[in-house]
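Numbering (this note's numbering), first residue to last: 3 to 574. Input: a single structure, listed below in structure tokens.
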Ligand code: GLC
């Protein structure tokens, strides 16, 4: 069974190739009047899988509210909720049938308001997922649009003639396999869907569509949300005359010929919409923020989504970093270096895991040192200059629990693509709260997805009680991020750049600096540092955190790191 390479989908050009809990929640200290999100830890929650308050086997809003103290203790500043709007759930919420309500299976608007208010009491903000590219085919807009060719909403979606029922308008293929065009017998035309046929694409050349979506944004901003994560945002536009995409060798996981997505991805018009949306968001107080699911051919493409005047997305996701997928210091150095100095001068964002991609505990783990490696990747995420995005459960060392048979699969892409594409259920399993049945996620007999056996060891209750747990290491890292000035305001400099095994960098602050060393090899390594060229003259470092635990001080001319060891020390 092969595992997919998801790559944030639109990063794909060739389709288918691919501590102290109280401290942790104090308002973040910054040296200037910088927006909160620059120094925040943002935590992604998949609501269906986080906590089940009514024991129906699915997570819900009240479940999330009941866990806010845990999140506060961890030290997160904002929660990004993947979609929890009414939806037929074909794509588990990414097919929205009402943008201005809460899915009944997840609760009510009153539950949502309570979540926002309770989170606010704990200095935690709520960020919504805004799925602008497409709606559900059950959304009233699409129902109207498909009712007749002259319906006023016809032009809200992309309708085109084909060559009869079997010949679509062009060769474009869907992210989820096969043609992007679905024939509608009633009106004898095709509609365009980049994802499932149940997710028709909206037409952003129509100003009414733009206005309707900005009104959706205002609806949630008025309710007090701190911003949005924009789903599949680079796919908003398609070329009007629909030229075929170039065919390139090979087939994708669904058996379709590979094509280069050049006529329906990253069209320049996307930037106009981003600027307009940003104006809406900026018209609200308190530094609301836009996170983007952004991709492209290279870092310049991702960087372009900040906007030339930093007037588009504040926090674009950089999947080139997220999916390096091997512990290679040189690769990390390159990716971090280019992102830290991105051409737009935008604030970097770092992540490793999300709901579309195999958990990084599995991707980077070697099955022997997985826990040490989890601490190493956590250190990188939480000490780089930029905003980290965490995915629920990564702080525990949650692993994937992939479906074993096609019958077990819930995610339709796993059904369409089995066995080449097994879907994304594996990384969406319930949050692991304790050692009881279903990892304490639900009291129902069965959770919507089964937990991996490893939950008995990797769960909140057990790890809170173990001072060496991954969870306590994350807490300690987040505490350091909030209290150590160089980790807040310092610049980033790669050091010892020729080292093939150890990734080292300094965060240089005004008075002191912090050295981070990450041994990416299964052997013990000793590093000799010369930090004088970086204005750091001390010969030793004061240890702030090390894994495995180390001495209070370390010599910079002889710093020994155990296999996959981590060292964070203060230098001057
Ligand atoms: C984004 C989401 C993914 C979803 C797709 C279609 O990539 O992250 O989960 O299936 O968009 O909305």
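Beta carbons are placed, not taken as given, at the ideal position from N, Cα and C, and that holds for glycine.
Ordered along the chain, which non-local residues of its own chain (more than five positions away) have a Cβ less than 7 Å from that of residue i?
{"i": "residue 499", "result": "335"}
{"i": "residue 556", "result": "542, 543, 545, 569 and 571"}
{"i": "residue 86", "result": "49, 63, 95, 104, 105 and 108"}
{"i": "residue 520", "result": "378, 381, 382, 504, 505 and 568"}
{"i": "residue 55", "result": "62, 64, 65 and 68"}
Say yes only if the C-beta of residue i is nearer than 7 Å to one or more non-hydrogen atoms of the ligand GLC, and no if none qualify.
{"i": "residue 234", "result": "yes"}
{"i": "residue 133", "result": "yes"}
{"i": "residue 197", "result": "yes"}
{"i": "residue 357", "result": "yes"}
{"i": "residue 96", "result": "yes"}
{"i": "residue 333", "result": "no"}
{"i": "residue 1", "result": "This structure cannot settle anything about residue 1, because the visible part of the chain is limited to 3 through 574."}
{"i": "residue 240", "result": "no"}
{"i": "residue 423", "result": "no"}
{"i": "residue 295", "result": "yes"}
Reducing DSSP to helix, strand and coil, say where residue i ends up.
{"i": "residue 48", "result": "coil"}
{"i": "residue 112", "result": "helix"}
{"i": "residue 282", "result": "helix"}
{"i": "residue 473", "result": "helix"}
{"i": "residue 553", "result": "coil"}
{"i": "residue 560", "result": "coil"}
{"i": "residue 251", "result": "strand"}
{"i": "residue 371", "result": "coil"}
{"i": "residue 273", "result": "helix"}
{"i": "residue 124", "result": "coil"}
{"i": "residue 386", "result": "coil"}
{"i": "residue 209", "result": "helix"}
{"i": "residue 573", "result": "strand"}
{"i": "residue 70", "result": "helix"}
{"i": "residue 161", "result": "strand"}
{"i": "residue 185", "result": "strand"}
{"i": "residue 336", "result": "helix"}
{"i": "residue 89", "result": "coil"}
{"i": "residue 345", "result": "coil"}
{"i": "residue 484", "result": "helix"}
{"i": "residue 381", "result": "helix"}
{"i": "residue 203", "result": "strand"}
{"i": "residue 330", "result": "coil"}
{"i": "residue 230", "result": "strand"}
Nearest-angstrom Cα distance between residue i and residue j?
{"i": "residue 256", "j": "residue 330", "result": "31 Å"}
{"i": "residue 62", "j": "residue 474", "result": "26 Å"}
{"i": "residue 542", "j": "residue 574", "result": "9 Å"}
{"i": "residue 247", "j": "residue 138", "result": "25 Å"}
{"i": "residue 436", "j": "residue 419", "result": "34 Å"}
{"i": "residue 216", "j": "residue 267", "result": "21 Å"}
{"i": "residue 493", "j": "residue 99", "result": "45 Å"}
{"i": "residue 562", "j": "residue 258", "result": "51 Å"}
{"i": "residue 309", "j": "residue 346", "result": "7 Å"}
{"i": "residue 408", "j": "residue 427", "result": "12 Å"}
{"i": "residue 237", "j": "residue 135", "result": "7 Å"}
{"i": "residue 352", "j": "residue 339", "result": "12 Å"}
{"i": "residue 558", "j": "residue 529", "result": "8 Å"}
{"i": "residue 153", "j": "residue 509", "result": "59 Å"}
{"i": "residue 231", "j": "residue 80", "result": "12 Å"}
{"i": "residue 514", "j": "residue 534", "result": "14 Å"}
{"i": "residue 540", "j": "residue 517", "result": "12 Å"}
{"i": "residue 468", "j": "residue 72", "result": "16 Å"}
{"i": "residue 1", "j": "residue 128", "result": "Outside the modelled stretch of the chain, which goes from 3 to 574, sits residue 1, for which no answer is possible."}
{"i": "residue 121", "j": "residue 228", "result": "11 Å"}
{"i": "residue 272", "j": "residue 483", "result": "35 Å"}
{"i": "residue 110", "j": "residue 124", "result": "22 Å"}
Nearest to residue i by alpha carbon, out of the options?
{"i": "residue 422", "options": "431, 406, 437 and 429", "result": "406"}
{"i": "residue 451", "options": "47, 45 and 51", "result": "51"}
{"i": "residue 414", "options": "484, 97, 184 and 228", "result": "97"}
{"i": "residue 376", "options": "479, 424 and 303", "result": "479"}
{"i": "residue 279", "options": "536, 316 and 40", "result": "316"}
{"i": "residue 466", "options": "484, 399, 525 and 495", "result": "399"}
{"i": "residue 300", "options": "283, 320, 290 and 313", "result": "320"}
{"i": "residue 182", "options": "368, 165 and 202", "result": "202"}
{"i": "residue 314", "options": "283, 327, 328 and 532", "result": "283"}
{"i": "residue 113", "options": "225, 211, 77 and 260", "result": "225"}
Residue i CB to nearest chain C CB: under 8 Å?
{"i": "residue 553", "result": "Judged by its chain identifiers, the structure shown contains no chain C, having just a single protein chain."}
Ignore the nearest five residues each way along the sequence and tell me which others in residue i's own chain have a CB closer than 6 Å to its CB.
{"i": "residue 240", "result": "266"}
{"i": "residue 185", "result": "167 and 192"}
Output needed for residue i: all residues of its chain with C-beta closer than 8 Å, excluding positions within five of it in sequence on either side, in chain order.
{"i": "residue 453", "result": "403, 431, 432, 434, 440, 441 and 443"}
{"i": "residue 411", "result": "405, 417, 420, 424, 425 and 427"}
Would the beta-carbon of residue i be found less than 7 Å away from any heavy atom of the ligand ADP?
{"i": "residue 430", "result": "Absence of the ligand ADP is noted for the structure shown, with the ligand GLC being the only ligands found."}
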